[in-house]
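Below is one structure, written out as structure tokens; comments come after it.
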Amino acid sequence: MPLARAVARAMMPRLVGYGWSPSKITKWLAGHNATYRRITMLADIRQFRNAVIFGPRVLDYPGNKIIPKSLLSEVNLTRARRYKMVGMGKYTDVETGAVRYRHLSFYGDTRLSKDEWAEEYERQHPAGACIPGSEVTDIQILLVEHNKGLDY
374 MPLARAVARA
384 MMPRLVGYGW
394 SPSKITKWLA
404 GHNATYRRIT
414 MLADIRQFRN
424 AVIFGPRVLD
434 YPGNKIIPKS
444 LLSEVNLTRA
454 RRYKMVGMGK
464 YTDVETGAVR
474 YRHLSFYGDT
484 RLSKDEWAEE
494 YERQHPAGAC
504 IPGSEVTDIQ
514 ILLVEHNKGL
524 DY
């Protein structure tokens, strides 16, 4: 099951990018033996669809302005937090200068600008906390999700 989900999640960005409906995606994945629980699969498809729809808009939005409600993807978060930020972190090794990139996701309760959320992440995760011997040199916010059950 975890392997089938990993394979399906690897294919989903492209399938969603084709403009396929969730029904067509699930049928196509079933034909390629990459199926798992339907409810979980639909949640994954929704997540990738939101990334395709809202991701480019969030990337193009200025980093110093508070992100408007129209750029927030509405989801049911598993945690009782208002916002989930998804991004990419650039980590630089202190000794060698080697650069590594890492997928980030973190939660917050106040709507801020992308720059302020990046600063908050750096405060919560000091140098060497995620990757030993390295520090965060850049964070790019790719997607912001809002919990449907909570106000803005």
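Here the sequence shown is numbered in the numbering used here, starting from 374 and rising by one per residue.
C-beta atoms are modelled at their ideal positions from N, C-alpha and C, and glycine is treated no differently.
Predicted, not measured: the structure shown is a model, and the values here were computed from it.
Among all the DSSP beta bridges, which residues are the ones paired with Ile512? Gly462
Count the other C-beta atoms from every protein chain shown that fall within 10 angstroms of the C-beta of Glu468, then say buried if there are 16 or more, exposed otherwise. If you draw a 10 Å sphere on the C-beta of Glu468, you find fewer than 16 other C-beta atoms in it, and that means exposed.
Have a look at the DSSP bridge pairing and note the partners of Ile439. Ser486
Exposed or buried, Met414, counting other C-beta atoms within 10 Å across all chains shown (16 or more means buried)? buried
Skipping 5 residues on each side, what residues in its chain have a beta carbon closer than 6 angstroms to that of Gly428? Leu515 and Leu516
What are the boundary residues of the beta strand (DSSP E) that Ser446 is part of? Here the beta strand (DSSP E) through Ser446 covers Ser446 to Val448.
Reduced DSSP secondary structure (H/G/I, E/B, other) of Tyr474: strand
Please state the DSSP three-state secondary structure of Lys521. Correct three-state label for Lys521: coil.
If you count every other CB in all the chains shown that lies within 10 Å of the CB of Glu492, and 16 or more means buried, which is it? exposed
From the DSSP output, which residues share a beta bridge with Gly390? Gly390 is not bridged to any residue.
When burial is assigned at 16 or more other CB atoms within 10 Å of the CB, is Leu432 buried or exposed? exposed
Measure the CB-CB distance between Arg455 and Asp482 and report whether it falls below 8 angstroms. yes
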